[in-house]
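Just below is one structure, and these are the notes that go with it.
In this note's numbering, the protein residues as written are 175 to 458.
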């Protein structure tokens with residue numbers, strides 16, 4: 175534990191943004207962008223394994239974890255807005271250059287950041303985050319129906335998407351070995367989702383997810399043009415995203431490293447040692 179994790183907050187646009195930080199500040203920086211309904215907490219296994227060599231920073235978005243949860247009537251919960259705040263967060267911490275590690279919601283936040291400031295991006299690590307429409311499988315049919323008619327579908331959406339069973343399934347997916355998973359992973363997340371205001375916040379943000387699908391062609395064009403150093407780490411038991419997605423990235427960036435793991439949507443749940451080694455090798 176030569177580089178223990180620190181738990182900090184900083185003020186961005188009048189909001190208290192919480193973040194975890196570990197490793198020497200003069201080392202190469204990894205900016206870790208979390209998924210739904212998680213928080214920077216999901217990166218604790220990586221912070222513990224990589225902070226000897228790298229500077230790791232993992233923020234909570236507004237409305238998540240220990241960051242402020244402003245009222246959605248006064249604060250637009252959109253991916254554009256989250257990306258703007260995360261860009262200002264990096265500026266506030268004077269992170270001029272960094273590798274983006276993007277998981278789930280971290281993808282749409284991170285790609286917006288990369289397109290806005292490509293000069294800041296050293297590498298991309300994508301872990302179960304989608305940038306191609308075909309990556310959204312059959313499970314997304316009712317979610318697309320919610321985007322098409324929010325008023326008619328919202329009650330059904332909230333009942334399913336924010337339930338304990340769905341929260342559990344996001345972790346286990348189709349993994350035949352459920353005993354590898356700590357049940358605190360989903361019970362803690364469900365406790366977070368059950369707090370006052372969270373249902374409205376997360377429904378608003380997921381309704382905005384449709385803008386990500388509209389943005390996929392721009393993200394793909396950016397990757398094809400820029401040919402970033404790209405590593406794709408994919409938990410194959412993911413119930414949310416199609417297993418074809420890693421190869422879709424390789425079509426855009428032929429030199430991308432692609433690794434398919436015996437893990438789920440939140441691959442750090444069970445494959446932290448393997449992922450840490452992959453990250454170390456890629457960062458070299």
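Using N, Cα and C, we set each Cβ at its ideal position, and we do this for glycine too.
Just so we're clear, the structure is a prediction, and the values are computed from it rather than from any experiment.
- Here residue 306 is buried, its C-beta having at least 16 other C-beta atoms within 10 Å.
- Approximately 6 Å separates the beta-carbon atoms of residue 237 and residue 251; this is inside 8 Å, confirming the contact.
- Taking a cut-off of 8 Å on C-beta distances, the segment 266-286 touches the segment 206-220, as three or more cross pairs fall below it.
- Residues 406, 430 of the same chain have their beta carbon placed closer than 6 Å to that of residue 423, with the five preceding and five following residues left out of the count.
- Distance between residue 404 and residue 360, taken at the CA atoms: about 30 Å.
- Under the three-state reduction of DSSP output, residue 238 falls in the coil class, being neither helix nor strand.
- Taking 8 Å as the upper bound for CB-CB distance, residue 453 and residue 299 are in contact here, some 7 Å apart.
- Taking all protein chains in view, the Cβ of residue 178 is surrounded by fewer than 16 other Cβ atoms within 10 Å, so the residue is classified as exposed.
- DSSP places residue 249 outside both helix and strand once states are collapsed to three, so it counts as coil.
- The straight-line gap separating the alpha-carbon atoms of residue 448 and residue 224 is approximately 12 Å.
- DSSP places residue 347 outside both helix and strand once states are collapsed to three, so it counts as coil.
- Contact between residue 413 and residue 439 holds, since their C-beta atoms are separated by about 7 Å, short of 8 Å.
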